[in-house]
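Chains as they are written, first to last, in the working numbering: chain R, 4 to 374; chain Y, 85 to 452. Ideal Cβ positions, reconstructed from N, Cα and C, are used throughout, including at glycine. Just so it is clear, the structure is predicted and the values come from calculations on it, not from any experiment.
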Amino acid sequence: MSERHKGRLKVYLGYAAGVGKTYRMLEEAQDLRRQGVDVAVGYFEPHGRKETIAMTAGLEFVPRRLITYNNATFEEMDTDAILRRRPAVALVDEFAHTNVPGSERLKRWQDVHALLDAGIDVIATMNVQHLESLNDQVWHVTGVRVRETVPDWVIDEADEVVFVDLTPRALRNRLERGVVYAPEKAQKAMDNFFTETNLSALREMAMRHTAHEVEEKLAAAPLAAIAEAALLPADGSQPCEEPKPQRKERVLVCLTGNPSSAVLIRRGKRVADYLQADCLAIHVSTPGEEDRDAIERHLNFARNLRIDTHVVEAVEIPRAITDFAREQRITQIFMGRSAPRPWYRRAETVVQMVVRHSREMQVTIVASRRR
Amino acid sequence: MAVRTDQRPDPEELLRRVQAGERRSRRGRLKVFLGYAPRVGKSFRMFDEGRRRKQRGQDVVVGALQSNLTADLECILANFEVIPPVVEHHAGQEWNVINLAAIFRRSPSTCLIDGLAFDNPPGSRNPHRWQDVEELLDRGIAVITAVNLQHIEEKQDAVERITGKRAANSIPEAFLLEAEEIEVVDAPTEALIGRAQDTSMPDPRQLAELRETALLLAADVVERQLQEYLDDHGVAVRWGAQERILVCLTPRSNAKAMLESGQRNALRFHGALLAAYVQDVRLTSADQERLNANLDLARLLGAEVHCLHNDDLVEAILDFAREQRVTQVFLGHTGRERRWWEARGPVDRLIDAAEDFDVRLFPHREDQ
Chain R
4 MSERHKGRLK VYLGYAAGVG KTYRMLEEAQ DLRRQGVDVA VGYFEPHGRK ETIAMTAGLE
64 FVPRRLITYN NATFEEMDTD AILRRRPAVA LVDEFAHTNV PGSERLKRWQ DVHALLDAGI
124 DVIATMNVQH LESLNDQVWH VTGVRVRETV PDWVIDEADE VVFVDLTPRA LRNRLERGVV
184 YAPEKAQKAM DNFFTETNLS ALREMAMRHT AHEVEEKLAA APLAAIAEAA LLPADGSQPC
244 EEPKPQRKER VLVCLTGNPS SAVLIRRGKR VADYLQADCL AIHVSTPGEE DRDAIERHLN
304 FARNLRIDTH VVEAVEIPRA ITDFAREQRI TQIFMGRSAP RPWYRRAETV VQMVVRHSRE
364 MQVTIVASRR R
Chain Y
85 MAVRTDQRPD PEELLRRVQA GERRSRRGRL KVFLGYAPRV GKSFRMFDEG RRRKQRGQDV
145 VVGALQSNLT ADLECILANF EVIPPVVEHH AGQEWNVINL AAIFRRSPST CLIDGLAFDN
205 PPGSRNPHRW QDVEELLDRG IAVITAVNLQ HIEEKQDAVE RITGKRAANS IPEAFLLEAE
265 EIEVVDAPTE ALIGRAQDTS MPDPRQLAEL RETALLLAAD VVERQLQEYL DDHGVAVRWG
325 AQERILVCLT PRSNAKAMLE SGQRNALRFH GALLAAYVQD VRLTSADQER LNANLDLARL
385 LGAEVHCLHN DDLVEAILDF AREQRVTQVF LGHTGRERRW WEARGPVDRL IDAAEDFDVR
445 LFPHREDQ
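Written out as structure tokens, the structure is:
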């Protein structure tokens, strides 16, 4: 998929620590080495796992870089050294990692892009909970708010995404045997994050997401008239006729300074992605508005997810939203819930007014999804 | 179909589960490796798992092999005890049948069975190999086995649509659901094409579609098993990994737009499409007809239609959505301006109360 990059990216996608992503990556590296391909380890996280460490035998490591921050020393991938070494294939563990402040790039996936741009193929590993679009769902299921995220487009652009499966039972057995973490940490993990239900739900998400990636790549390939062609004509008539080309959906997300905007952005983008729709975002800036910092943060967040963002100055928020939507031929508007109002304020809410003014569009009010 | 007032499954379902649980406690554990196409490496993964169990001191034997072994597999197999299948000849064909008697005598803790979908020759004790596997499990022997998507009976139509071919032998999907563990063997489609020498291999596009189908089948199995686990342990959850869309229908809804959109979303997300209406005896006959037409359309588009019995529309939808772990509710609205003296309408109340699902609003049709 990645036309921007010269190198090819392959991601081993797992659903939790210990399922065997790194092992599979190293297995492939050993295969490549036997075939005479020039492979080097760019970053490897051993976690003290014996079987995994054994798989690195004979592989060349590019030494890590030491970075001092707040009087502590951190080890990071040395991207420049890998670029100088120029292997044909570089292995990069923990794709979603955030670099320590003072590093050249914020995120490891950005380091990987530098390698790809230089024509180096990369094999990387990542867990599904680091996908930006699944962040709320993962939090809802596990109670853990994952901080290190990767925008979905980065994974969409990977040439290959391979799902590494292991059953939750087998994973919990590994934990019990102390293969994944030290015994004390393992017991804690099993009581908290690594419960049967959490693992099953994460696993299902990873399966569905990999299926989605496969489908996306299929749709991007020529002759992509699969899913739509299977649809029945809605009125039951003329089943032989060619299905009418569906008008392309365009999704508009209405941003504010409200903290729930992050959930809203992720949700709108996710729906847009699955519908293969365009995704736009608007913020209506009113005179004397507060929380500018939060608004700017949300706009940046949307831009990072490759959402086309717009700021419109207006006094009447609902009118500005529907005018913009009409002008942009939007088919679906995504909004957060209007703030609860005291009983004596009986006037219409922004949501109600947008709904009333946008008769030809669908309006989705996104739930806050508290736990 | 009436909505259950409590969250518990009906008694027959409970009985089935209790019986299944009892049977399971005596039975050997079943683990299935699921591949999406030949050469994806499922046999290798299966034997590798056997090897690791052996290393941990378990008593593992091989009960059935495929005839065309790769060098990798030959190498792993050298370390296993193999109980050779019985070779039978019928109508000029050679059949390899699992030697159940020999395995029972040997009584290992774990038995590896490759080629789960094989059939036995006419006149055998069991017509299918998967039934032989059931017997092993009933004797308390754990089984690790491997099967390809094209052999899952319920998926054979889908596979035929993709490849134009249909495998002669199959196993029922229910067999997979009974398995304690099902593991997907995923691999990039490109690797398979490089590996395949013969022309019978599906093309890259077909492989990708098979791969997607296998992943979604596994996700569905995980979803159902998770649901059973949660029910068994009395855990109420309000989330799901699967997108579930509920279209709420009234006589006045623009049912066509709502249902078509619902269907497209469900299809895209590989999720579920539900439709619900609230029972109302006060409807005029014209309205009842309109509602019936909407419900017919819902069924035609593949929605699971439910009738809700609750005078309070908002409560009815909230309860039902929670019970069904719905992620999006589609509602119609009049688009009429509310007057200041009017109470908040059901749409507003539902939006305020919706914690776990999005509410998508569709204007009613102009002519109604």
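query, result
"Tell me, please, which residues DSSP counts as bridged to Q412 of chain Y.", "Y:I329, Y:D442"
"Go through its chain and collect everything with a Cβ distance to A302 of chain Y's Cβ below 7 Å, but skip five positions before and after it.", "L118, I266, V268"
"Closer than 7 Å by C-beta to Q241 of chain R: which residues in its own chain qualify, once you throw out the five before and the five after it? Chain order, please.", "Caution applies to Q241 of chain R, whose pLDDT of 39 falls short of 50 and renders its modelled position unreliable; the value that the coordinates give is listed next. Hits under 7 Å: none found."
"Using a cut-off of 9 Å between C-beta atoms, extract the partners of A271 of chain Y located in chain R.", "V165"
"Assuming Q365 of chain R contacts R444 of chain Y under a Cβ cut-off of 8 Å, what Cβ separation, rounded to an integer in Å, is found between them?", "6 Å"
"Using a beta-carbon distance cut-off of less than 8 Å, what residues from the region 15–36 of chain R approach chain Y?", "none"
"Measuring only between beta-carbons, confirm whether S345 of chain Y sits less than 8 Å from chain R.", "yes"
"Within 10 angstroms of its Cβ, does V314 of chain R collect 16 or more other Cβ (buried), or is it exposed?", "exposed"
"Measure from the C-beta of D432 of chain Y to each C-beta in chain R and report whether the shortest distance is under 8 Å.", "yes"
"Where does V40 of chain R sit, in a helix, a strand or coil, going by DSSP?", "coil"
"If you drop the 5 nearest sequence neighbours on each side, which residues of the same chain put their C-beta closer than 8 Å to that of L375 of chain Y?", "L333, T334, P335, Y361, L367"
"List, in chain order, every chain Y residue whose beta-carbon is nearer than 7 Å to that of I368 of chain R.", "I435, D442, V443"
"Could you check what DSSP says for S288 of chain R in three-state terms: helix, strand or coil?", "strand"
"Within its chain, find whatever has a CB closer than 8 Å to the CB of N284 of chain R; leave out the 5 residues flanking it on each side and keep chain order.", "One detail in the question is off: residue 284 of chain R reads as Ala in this sequence, not Asn. Hits under 8 Å: L255, V256, C257, L258, I268, G271, L302, A305, I310, D311, T312, H313."
"What is the DSSP secondary structure of T198 of chain R, counted as helix, strand or coil?", "coil"
"Between Q215 of chain Y and I225 of chain Y, what straight-line distance do the alpha-carbon atoms span, to the nearest angstrom?", "14 Å"
"Please list, in chain order, all residues of the same chain as N163 of chain Y whose beta carbon is under 8 Å from its beta carbon, the five residues on each side excluded.", "R135, K138"
"Against chain Y, with Cβ distances strictly below 8 Å, would A228 of chain R count as a contact?", "Confidence in A228 of chain R is poor, its pLDDT being 39 and thus under 50, which makes the residue's placement unreliable; the coordinate value appears in the next sentence. It does not; no Cβ of chain Y falls within 8 Å."
"Could you say if the region 148–165 of chain R and the region 176–187 of chain R meet the contact criterion of at least three C-beta pairs nearer than 8 Å?", "no"
"The beta strand (DSSP E) with Q335 of chain R in it runs from where to where?", "335–339"
"Relative to the alpha-carbon of E135 of chain R, which residue among R:V42, R:H360, R:V266 has its alpha-carbon at the smallest distance?", "R:V266"
"Would you list the one or two residues that DSSP bridges to H417 of chain Y?", "Y:P447"
"Let me check understanding here. Comparing Cα to Cα, which of R:L278, R:T198, R:L308 lies closest to D155 of chain R?", "R:L308"
"Compare the C-beta of K220 of chain R with all C-beta atoms of chain Y and state if any pair is closer than 8 Å.", "yes"
"Along chain Y, which residues have their Cβ under 9 Å away from the Cβ of L169 of chain R?", "E267"
"Quick one: measure Cβ to Cβ for P90 of chain R and V149 of chain R, integer angstroms, because I've assumed they're closer than 8 Å.", "Wrong, their Cβ atoms sit about 31 Å apart, outside the cutoff."
"Within the same chain, show all residues whose beta-carbon is closer than 7 Å to that of Q347 of chain Y, passing over the 5 residues directly before and after it, in chain order.", "L357, L385, G386"
"Under 8 Å by Cβ, that's how I've got V217 of chain Y and L233 of chain Y pegged, so tell me the actual separation to the nearest angstrom.", "With 8 Å as the limit, V217 of chain Y and L233 of chain Y do not qualify as a contact, their Cβ atoms being about 18 Å apart."
"Have a look at R:E252, R:E219, R:T200 and flag the residue whose alpha-carbon is nearest the alpha-carbon of R308 of chain Y.", "R:T200"
"Below 7 Å between beta carbons is the criterion; list the residues of the region 272–305 of chain R that meet it against any residue of chain Y, in chain order.", "Y277, L278"
"First and last residue of the beta strand (DSSP E) that includes L69 of chain R?", "68–72"
"Once you ignore the five residues that flank F64 of chain R on each side, which residues in its own chain have a CB closer than 6 Å to its CB?", "V44"
"Start and end of the beta strand (DSSP E) containing V256 of chain R?", "253–258"
"Can you tell me which of the three DSSP states Q140 of chain R falls into?", "helix"
"Per DSSP, V153 of chain R is paired with what?", "R:L134"
"Name the chain Y residues that come within less than 8 Å of T213 of chain R, Cβ to Cβ?", "D270, L299"
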